[in-house]
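In the UniProt record's numbering, the protein residues as written are 1 to 180.
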Amino acid sequence: MMQRRLLLSAAVAAPVVLSGCASQNLDGYASEKPVLDLAQYFNGKIDAYGIFQDRSGQIVKRFTVVMDCSWKGNEGVLDEAFTYSDGTTQRRIWRLTKHADGRYTGTADDVVGAANGQTRGNAFRWNYTLALPVDGKVYNVDLDDWMYLIDDRVMINRATMSKFGVRLGEITLSFTKRAP
C-alpha cells in the first residue's frame, strides 16, 4: 500500500516537475488583450517598483525606477533613473528601434551588443547581455526578460538572470504609467 502511494505521488508530481523545465512560448500570448504597443505604453512618465531575488528566492535588492519615455517615429528613448533601497542610484538610457512584425532592438551603455525582443498580444520578450558591476568587477550576465500588459496603465515584468546557462536570480517589476 505504501509503495503504491509513493508511485502515485511520483506520477502526480512528475508533470509538475517537468512543466517547470519547459519554457513559455511568446506565440501563446498572441490573442491576449490588451495588445501591447511599446511605443504607446512607454511614452511619458512611468513609475516602477522592483525586487531582485537570488537563486534561493531571497530578496537581496529592492528598488524604484522613474522612467521618462519618448518616441519619434520608430525610435524610442527610455530614460531610467533607479534608486536602490541602500540609497545608491543608477541611470540607464535605452535607445529602442521598432521593426516589422512587433520586433524591437535596443542599446544602452551597460548592455553588451544589442538587445532583441518581440511582442505578441499583451506580452513582450526581450533578451540581452548586461555588464553588471559587482564588488569592483564587471560580469556579463544574460537576461531573459518578459513583460505583460495588464491594462493601459499597469505592466508586470519578470526577468531571469543567468551566466553560462546557470540561473543567478530573478527580477520582478511592476510598472505604472502616470496619467497624462
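Cβ atoms here follow ideal geometry from the backbone N, Cα and C, with glycine treated the same way.
Three-state secondary structure (DSSP) of residue i
i: Q40; result: helix
i: G28; result: helix
i: D101; result: helix
i: P34; result: coil
i: F164; result: coil
i: G117; result: strand
i: P180; result: coil
i: A108; result: coil
i: I150; result: coil
i: G20; result: In this predicted model, G20 has a pLDDT of only 46, less than 50, meaning its place in the structure is not dependable enough to derive any value.
i: S174; result: strand
i: N127; result: strand
Candidates the options: closest to residue i by CA position
i: G102; options: R95, G117, E32 and S162; result: G117
i: A33; options: L130, V141, D135 and R120; result: First, the residue type needs correcting, since residue 33 is Lys and not Ala in the sequence shown. The shortest C-alpha separation from K33 is found at R120.
i: V112; options: K98, D79, D142 and G87; result: D142
i: I59; options: Y84, A115 and K72; result: Y84
Rounded separation between residue i and residue j - CA only
i: F52; j: N157; result: 12 Å
i: N74; j: A100; result: 10 Å
i: D109; j: S31; result: 35 Å
i: T64; j: S23; result: 28 Å
i: G28; j: S174; result: 22 Å
i: residue 195; j: I93; result: In the structure as shown, the chain begins at 1 and stops at 180. Residue 195 is therefore absent and cannot be evaluated.
i: residue 211; j: G165; result: In the structure as shown, the chain begins at 1 and stops at 180. Residue 211 is therefore absent and cannot be evaluated.
Residues near residue i in its chain [Cβ-Cβ closer than 7 Å; skip 5 each side]
i: G169; result: F52, Q53, D54, R55 and M161
i: L26; result: Q118, R120, A123 and R125
CB-CB length for residue i against residue j, believed under 8 Å
i: T172; j: G50; result: 6 Å
Contacts around residue i, its chain only, beta-carbon distance under 8 Å, and the 5 residues preceding and following it disregarded
i: K45; result: V66, M67, D68, C69, K177 and R178
Contacts around residue i, its chain only, beta-carbon distance under 6 Å, and the 5 residues preceding and following it disregarded
i: M155; result: M147, L149 and F175
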